[in-house]
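**Q** Below is one structure. I have some questions about it.
Chains as they are written, first to last, in this note's numbering: chain A, 43 to 281; chain B, -19 to 270; chain C, 154 to 478.
Written out as structure tokens, the structure reads:
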């Protein structure tokens, strides 16, 4: 089984305190890996480390065997890593198509090619009808979709999804779940952070659990759900 | 250059630096809480200078006493500008606020130009040329008084920020606006209050510098730059750092001017600023790219 | 979104240039004004590359104007280097300055860049004012003679007009090419949200520096042309904050991040200045301040932006949003 991403003893300190501490795990090519943990466990920080937005204080990140520790986000995008952001940030004054085209330009130099590739992604997501709308005026569900569309535009092999269903109603959540599965069918490896348990447990092939910046569990959804350490970590927080 | 002259130059630089710090703190506070770089900060200082000047000329009011008028006037001005011009564009892109404050600065400085004309004026009080001896060093009395008052103002600000509810709300908003909202803080009014405080600090600095400088309408732009140098030296948004930044700037300017040509005095601060940008731009935000 | 009408952009540029080329024949006695219109339109367009497209506010672009004026004039008056080589040398120097300076400041937030531009322009002005041996100090530089390439009289207002028109044409073409390219899309992404643009493969520092260098080179050329036109200038006239603000204002009024916006803004602003010359001169900066405040508060996309919004609403009212092929 090929390994898409692996971290070894990854660590980052903020003001002397480790926000992520000695985290090691692998992501297998083609799988959907769920990343969960109580609030403040370090999930988004881990994403930032793996996507180049933060430089680790220690440890390494390997992408398909290649050491990419400390590389900036644009270099990682070129190597096939893409991500969404927890707080969606579209380019407000560009159109939906324009938003997606920015990513498409990574692999398509000319404007017609980039826009064609962007249009194809919009069709895949069922968004072609709002292609000419200014992104700043979109509703939240559309913004969430746009966020995913943009991330797909760079043609990633590894996609990091950060709370893509937060704030959506149950019907919208189901649509996103189906979408994530279709993305995986296209051959993209996915790591997904989510708070809604049924989403994570239903989607993931494997789950990694963080607490206070450390990995406390790593296994199948069923195994992780039954893990006493995990249960204790979640019971310990206010819900 | 004798040791005494050196000490004297240094002492003068530090005293002036104290007042620079006052200007820088206002700017830093505004940036820390509102994430706005106030390009009209120097012009606000100029407004303070002219207000005190007018009060002296027409009412015989001593500048230090006129602080009692300038402080509430400054607060009113700050509230007006923030409510009318800054609050409506709070959620827009960063450069929008920059443009807005540039525009405000132009209106203020050129409004002063209209009213007072371009020729430099100075205020001559009975104590303007008085000096004080501290051991072997002779220091300008008004400079000492200004420095002392600066210390008082900074101390008052410190107490405000650390001991009062308003101060706590300000610090919470600076840290995380959304979290502060969740705590029930009306961040809109906090921003107004902060801009008002920043305006008052700038105008007060103008009053304190009045006995020492020539006043002319465009004096503000040089001080906007000085305020920026101070805040960058101390770290943008770092109020305590601005104090050290101010003292450092005052010192560097003073010593630099006495060693080199005084013509280049203003350039010294600017070059120092550019050097700081090159070497240690943000101070606190070491590893993160975001 | 580029074109407003059915005509593609290069055709519209050509049309504009052709129209303006007739100006000296139609208004032969206001060539100075015509020159100013074109020169400032060209420099405002150049400013917009980094200010409107990349969203990095330069408040000290006069640094490049002055650089172009001084370098090209000094090379000619002191060393006899013909003006066109002087201009090229100045452009290279300006691009280099922008590269180094951008390299330092573009790693940081936008406000630092804006501040640094004011600082650099001011430092250059102070140096030019005080280093009399090199720059003639506050007395400035006087250009008594000029070379005559192909027998052209460079002092002739008509010749200068057409040179400025050429510069405007080049600036507009550059703006168009940038806007239609991957580079332009990346600049806009940086302007809209620099952090998320990085995840899409954009290297913000490198793109901003390139835009800045391009903008600098064009502005330097403008400065050199300005010097030839004035034939006498001093530090205050070419490094002035007022000059920098004018360029910014023209782009804002006309519409930042559009090909023709800055030109429109230049024409409008200079047109007003000329029409109300007596009152305007005294109050120009004050009025600029008011205009900036009013526009930022109520029409942030400038005049071209307003047109575009009105146009788009009218067009969308006539047909439903269609699918993209």
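Where is the CB? At the ideal position from N, CA and C, for every residue including glycine.
1. What residue does the beta strand (DSSP E) around residue 60 of chain A start on, and which one ends it?
2. Given residue 50 of chain B, which residues of its chain have a CB within under 7 Å of its CB, disregarding the five upstream and five downstream residues?
3. Assign residue 89 of chain A to one of two classes, buried (16 or more other C-beta atoms within 10 Å of its C-beta) or exposed (fewer than that).
4. Measure the C-alpha to C-alpha separation of residue 205 of chain C and residue 166 of chain C and round it to an integer number of angstroms.
5. Tell me which same chain residues have a C-beta within less than 7 Å of the C-beta of residue 115 of chain A, skipping the five on either side of it?
6. Below 8 Å on the Cβ atoms is my contact criterion, and I expect residue 397 of chain C with residue 212 of chain C to pass it. Report the Cβ-Cβ distance as a whole number of Å.
7. Look at the alpha carbon of residue 175 of chain B and the alpha carbon of residue 360 of chain C, and state the distance between them as a whole number of angstroms.
8. I want to see whether chain A comes within less than 8 Å of residue 346 of chain C, judged by CB atoms only; does it?
9. Indicate whether the contact test is met: 3 or more Cβ pairs, each with one atom in the region 147 to 163 of chain B and one in the region 82 to 97 of chain B, closer than 8 Å.
10. Answer yes or no: do residue 333 of chain C and residue 153 of chain A have a C-beta to C-beta separation smaller than 8 Å?
11. DSSP on residue 101 of chain A, reduced to helix/strand/coil?
12. Going by C-alpha distance, which of A/261, A/246 and A/260 is nearest residue 74 of chain A?
13. Answer with yes or no whether the minimum CB distance from residue 164 of chain B to chain C is below 8 Å.
14. Can you grab the Cα-Cα spacing for the pair residue 121 of chain B / residue 108 of chain B, in whole Å?
15. Counting along the chain, where does the beta strand (DSSP E) carrying residue 76 of chain A start and finish?
16. For residue 17 of chain B, would you say it is in contact with chain C, using Cβ-to-Cβ distances shorter than 8 Å as the test?
17. What does the alpha-carbon distance come out to for the pair residue 273 of chain B and residue 209 of chain B?
18. Would residue 416 of chain C and residue 258 of chain C be called neighbours here (beta carbons separated by less than 8 Å)?
19. I'd like to confirm the pairing. Which residues does DSSP put opposite residue 261 of chain A in its beta bridges?
20. Under 8 Å between C-beta atoms, does residue 40 of chain B make it to chain C?
21. Cutting at 8 Å between CB atoms, please list the residues of its own chain near residue 210 of chain A, excluding the five before and the five after it.
22. So, residue 170 of chain B versus residue -9 of chain B, is the Cβ gap smaller than 8 Å?
23. How many whole angstroms separate the CB atoms of residue 143 of chain A and residue 157 of chain A, which I take to be in contact at a CB cut-off of 8 Å?
24. Determine, using beta carbons only, whether residue 127 of chain A comes closer than 8 Å to chain C.
25. For the ligand GTP, is there any heavy atom lying closer than 7 Å to the beta carbon of residue 79 of chain B?
26. Is residue 86 of chain B close to chain C? Criterion is C-beta to C-beta, closer than 8 Å.
27. Does DSSP put residue 102 of chain B in a helix, a strand or coil?
28. Would you check if the region 210 to 221 of chain B and the region 232 to 242 of chain C touch, i.e. whether three or more CB-CB distances between them fall below 8 Å?
29. Grab me the residues of residue 387 of chain C's own chain with a C-beta within less than 7 Å of its C-beta, minus the 5 sequence neighbours each way, in chain order.
30. Please check if any C-beta of chain C sits within less than 8 Å of the C-beta of residue 68 of chain B.
31. Cβ of residue 339 of chain C less than 8 Å from any chain A Cβ?
32. Measuring straight from C-alpha to C-alpha, what distance separates residue 147 of chain A and residue 196 of chain A?
33. Using a C-beta cutoff of 8 Å, does residue 156 of chain C count as contacting chain A?
34. Within this structure, are the beta carbons of residue 362 of chain C and residue 193 of chain C separated by less than 8 Å?
35. Mind checking whether residue 237 of chain B and residue 245 of chain B have CB atoms under 8 Å apart?
36. For the putative contact between residue 102 of chain A and residue 50 of chain A, defined by C-beta atoms under 8 Å, what is the C-beta separation to the nearest angstrom?
**A** Let me spell this out:
1. Here the question's residue 60 of chain A lines up with position 18 in the first chain. That run of the beta strand (DSSP E) goes 59 to 70.
2. Residue mapping note: residue 50 of chain B aligns to position 70 of the second chain, counting from 1. 28, 31, 32, 183, 184 and 187.
3. Counted from its first residue, the first chain places residue 89 of chain A at position 47. Buried, since its Cβ has 16 or more Cβ neighbours within 10 Å.
4. To locate residue 205 of chain C, count along the third chain from 1; it is residue 52. To locate residue 166 of chain C, count along the third chain from 1; it is residue 13. In a straight line, the C-alpha of residue 205 of chain C is about 19 Å away from that of residue 166 of chain C.
5. One-based indexing of the first chain puts residue 115 of chain A at position 73. Cβ neighbours of residue 115 of chain A beyond the five flanking positions: 93, 94 and 95.
6. On the third chain, residue 397 of chain C is found 244 positions in, with the first residue counted as 1. On the third chain, residue 212 of chain C is found 59 positions in, with the first residue counted as 1. Between residue 212 of chain C and residue 397 of chain C the Cβ distance is about 6 Å, and since that is below 8 Å, they are a contact.
7. Position 195 of the second chain, counted from the start, is the residue given in the question as residue 175 of chain B. Position 207 of the third chain, counted from the start, is the residue given in the question as residue 360 of chain C. The alpha-carbon atoms of residue 175 of chain B and residue 360 of chain C are separated by roughly 34 Å.
8. Here residue 346 of chain C corresponds to residue number 193 of the third chain, with the count starting at 1. Yes - at least one Cβ of chain A is within 8 Å of the one on residue 346 of chain C.
9. no
10. Reading the third chain from its first residue, position 180 is the one you call residue 333 of chain C. Reading the first chain from its first residue, position 111 is the one you call residue 153 of chain A. Yes.
11. Numbered from its first residue, the first chain carries residue 101 of chain A at position 59. Three-state result, residue 101 of chain A: strand.
12. By one-based count along the first chain, residue 74 of chain A stands at place 32. Cα-wise, what sits closest to residue 74 of chain A is A/246.
13. Locating residue 164 of chain B in the second chain gives position 184, where the first residue counts as 1. Chain C, which has no Cβ nearer than 8 Å to the Cβ of residue 164 of chain B, makes this no.
14. Counting from 1 along the second chain, the entry for residue 121 of chain B is found at position 141. Counting from 1 along the second chain, the entry for residue 108 of chain B is found at position 128. About 8 Å.
15. Position 34 of the first chain, counted from the start, is the residue given in the question as residue 76 of chain A. Start and end: 74 to 78.
16. If you number the second chain from 1, residue 17 of chain B lands on position 37. Judged by the 8 Å Cβ criterion, residue 17 of chain B is in contact with chain C.
17. No statement about residue 273 of chain B is possible, as the shown extent of chain B runs from -19 to 270 and does not include it.
18. On the third chain, residue 416 of chain C is found 263 positions in, with the first residue counted as 1. On the third chain, residue 258 of chain C is found 105 positions in, with the first residue counted as 1. In this structure, residue 258 of chain C does not lie closer than 8 Å to residue 416 of chain C by Cβ.
19. For the purposes of this step, residue 261 of chain A is taken as residue 219 along the first chain, with counting starting at 1. DSSP lists A/249 as partners of residue 261 of chain A.
20. For the purposes of this step, residue 40 of chain B is identified with residue 60 of the second chain, where counting begins at 1. Closer than 8 Å: no.
21. Residue mapping note: residue 210 of chain A aligns to position 168 of the first chain, counting from 1. 182, 183, 186 and 218.
22. As a working note, residue 170 of chain B is residue 190 in the second chain. As a working note, residue -9 of chain B is residue 11 in the second chain. Their beta carbons are not under 8 Å apart, which means residue 170 of chain B does not touch residue -9 of chain B by this criterion.
23. Within the first chain, numbered from 1, the residue matching residue 143 of chain A stands at position 101. Within the first chain, numbered from 1, the residue matching residue 157 of chain A stands at position 115. Right, the Cβ-Cβ distance comes to about 5 Å (below 8 Å), so this counts as a contact.
24. Here the question's residue 127 of chain A lines up with position 85 in the first chain. Chain C, which has a Cβ nearer than 8 Å to the Cβ of residue 127 of chain A, makes this yes.
25. Of the ligands one can find in the structure shown there are none, so the ligand GTP has no counterpart to examine.
26. Your numbering for residue 86 of chain B matches position 106 in the second chain. Chain C, which has a Cβ nearer than 8 Å to the Cβ of residue 86 of chain B, makes this yes.
27. For the purposes of this step, residue 102 of chain B is taken as the residue at position 122 of the second chain. The answer is coil: DSSP assigns residue 102 of chain B none of H, G, I, E or B.
28. no
29. The residue given as residue 387 of chain C occupies position 234 in the third chain. 291, 292 and 293.
30. Taking the second chain and counting its residues from 1, the one referred to as residue 68 of chain B is at position 88. So, interface residue.
31. To locate residue 339 of chain C, count along the third chain from 1; it is residue 186. Chain A contact via Cβ: present.
32. Residue numbering aside, residue 147 of chain A sits at position 105 when the first chain is read from its first letter. Residue numbering aside, residue 196 of chain A sits at position 154 when the first chain is read from its first letter. Their Cα atoms are separated by approximately 8 Å.
33. The residue labelled residue 156 of chain C in the question sits at position 3 within the third chain. Confidence is the limiting factor: at residue 156 of chain C the pLDDT is only 45, short of 50, which leaves the residue's position unreliable, though a coordinate-based value still follows. False, the Cβ-Cβ gap to chain A never drops below 8 Å.
34. Counted from its first residue, the third chain places residue 362 of chain C at position 209. Counted from its first residue, the third chain places residue 193 of chain C at position 40. The answer is no: Cβ separation not under 8 Å.
35. If you number the second chain from 1, residue 237 of chain B lands on position 257. If you number the second chain from 1, residue 245 of chain B lands on position 265. Result yes, Cβ atoms of residue 237 of chain B and residue 245 of chain B sit closer than 8 Å.
36. The residue given as residue 102 of chain A occupies position 60 in the first chain. The residue given as residue 50 of chain A occupies position 8 in the first chain. At roughly 5 Å, the Cβ-Cβ gap stays under 8 Å, so residue 102 of chain A and residue 50 of chain A are in contact.
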